[in-house]
Amino acid sequence: MATLTIIVLVIGLTVLWRCRTKLFRARTVYENGSLVVFSFAQIKNSTKKFSEKLGEGGFGCVFKGTLPGSAVVAVKRLKCLRQGEKQFRAEVQTIGMIQHNNLVRLLGFCADSSSRLLVYEYMEKGSLNSHLFCKDSAKLSWKLRYHIALGTARGLAYLHEECKDCIIHCDMKPDNVLLDAQFCPKIADFGMAKLLGRDFSRALTTMRGTIGYLAPEWISGLPITHKADIYSYGMMLFEIISGRRNAEKIKEGNFTYFPIFAAVKLHEGDVMCLLDRRLEGDADVEQLSRACRIACWCIQDAEDHRPMMGQVVQMLEGVLDVELPPIPRSLQNFVGMED
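Residue 14 in the numbering used here sits at position 33 of the sequence shown, and the numbers go up by one each step.
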């Protein structure tokens, strides 16, 4: 009888210790930034068996989840990840240490058996993509657009210039800019290139065509630097300004390419025609001209002609003047222009 009592007591203490450990882990994410290590069962339960999909990308699906205590999270279920558990944990811990007001915060992860999942803070307003291009979404004011462009630039500048090692995003686009309840922009997936390695670049080039957000060096196979992100940011900035995709299909299967139109109109001094028609001209003209110039500088063909991201922030803030950029040679070829 005494032996049975001792066994029951030991089991009870073990269960209590495990519960206290889980509770401590759940608290640390809010208290000191440590990542929570979730079991697959916990995540499956929090997402109601992955029933509410928020989105899907080239590297996995994202699901809405609710943790004990009613904290809402976004769970990314990764696919095609070949790393071992030890390497995955090391990379995730590194990503978890990267925190900035304009970066989506990683809260925890799961590395059970073959499962690889990342748990992020939930962004209530969804992606910038949905606000720019979905017909049923409310239009974003110019003030909000400029705020989003500036916040995104600050997040990228932090990754490029303020982290211990320069972090190249490699996939900047409106889908990867998420908005919180106050429309504060936060960059998502900034650690995916590091996590996925070669799988990332292979999938990226498969997913994109030559007309998109990829810098020319992606297409030509040259080494990729942080300047590739700046090119992508410039392409995205054009879409923030216009509220339309840079490449759009028109009649008879032909396509129109907005950056060509924008570069020409910028040199003609007619920037108002580049503004999203839904805004009906309601924009700060000086800011609009500044944003158009910055976008054109960012998409220069030569890497060394593109500004640093910190400079882009200063330009948007009005600290640095923005000279009229040359029309990129690749765009000149499109419109048959000569020097």
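A virtual CB, placed ideally from N, CA and C, is assigned to each residue, including glycine.
Is the stretch 237 to 256 close to the stretch 134 to 144, with three or more CB pairs under 8 Å?
-> With the cut-off at 8 Å, the stretch 237 to 256 and the stretch 134 to 144 do not touch.
Buried versus exposed, by CB contacts within 10 Å (16 or more), residue 22 = Per the 10 Å Cβ criterion, exposed.
Please confirm whether residue 70 and residue 52 have their CB atoms less than 8 Å apart.
-> One thing to note: residue 70 has its Cβ no nearer than 8 Å to the Cβ of residue 52.
For residue 238, does the three-state DSSP call read helix, strand or coil?
-> It is a strand residue.
Ordered along the chain, which non-local residues of its own chain (more than five positions away) have a Cβ less than 6 Å from that of residue 11?
-> Annotation note: pLDDT 40 at residue 11 (below 50); position unreliable, coordinate value reported separately. Here residue 11 has no same chain residue with a Cβ atom under 6 Å from its own Cβ, once five neighbours each way along the sequence are excluded.
Close-in-space but distant-in-sequence residues of the same chain around residue 18 (CB under 8 Å, 5 per side omitted) | Exclusion of the five residues before and after residue 18 leaves 6, 89, 90, 91, 92 as the residues of its chain whose Cβ lies within less than 8 Å of its Cβ.
Sorted by chain position, which residues of the same chain lie with C-beta nearer than 7 Å to residue 161's C-beta, five sequence neighbours on each side aside?
-> Residues of the same chain with a CB within less than 7 Å of the CB of residue 161, apart from the 5 flanking positions on each side, are 104, 105, 106, 167 in chain order.
Which residue spans inside the stretch 230 to 303 form an unbroken beta strand (DSSP E) run of at least 3?
-> Counting only runs of 3 or more, we get 236 to 238.
Say whether the stretch 298 to 313 touches the stretch 148 to 157, bearing in mind that this needs 3 or more beta-carbon pairs closer than 8 Å, one atom from each stretch.
-> Cβ pair count under 8 Å is below three, so no.
Starting from the Cα of residue 94, find the closest Cα among 280, 64, 140 and give me that residue.
-> Residue 64 is the option with its Cα nearest to residue 94.
Whose CA, out of 38, 76, 47, lies closest to the CA of residue 58?
-> Closest option to residue 58, Cα to Cα, is 38.
List the DSSP bridge partners of residue 37.
-> Residue 37 pairs with 42.
From the DSSP output, read off the bridge partner residues of residue 91.
-> Its beta-bridge partners are 98.
Among 34, 273, 261, which one has its Cα closest to the Cα of residue 251?
-> Ranking 34, 273, 261 by Cα distance to residue 251 puts 273 first.
What span of residues does the alpha helix (DSSP H) with residue 137 cover, start to end?
-> If you look at residue 137, you'll find it in the alpha helix (DSSP H) that goes 123 to 138.
Kindly indicate which three-state DSSP category residue 13 falls into: helix, strand or coil?
-> In this prediction, residue 13 has a pLDDT of 43, which is less than 50 and means its spatial position is unreliable; what the coordinates show is noted afterwards. Residue 13 falls in the coil class under three-state DSSP.
Give the straight-line distance between the Cα atoms of residue 310 and residue 256, rounded to the nearest whole angstrom.
-> Cα to Cα, residue 310 sits roughly 24 Å from residue 256.
Looking at residue 158 and residue 109, is the spacing between their C-beta atoms short of 8 Å?
-> Cβ atoms of residue 109 and residue 158: closer than 8 Å.
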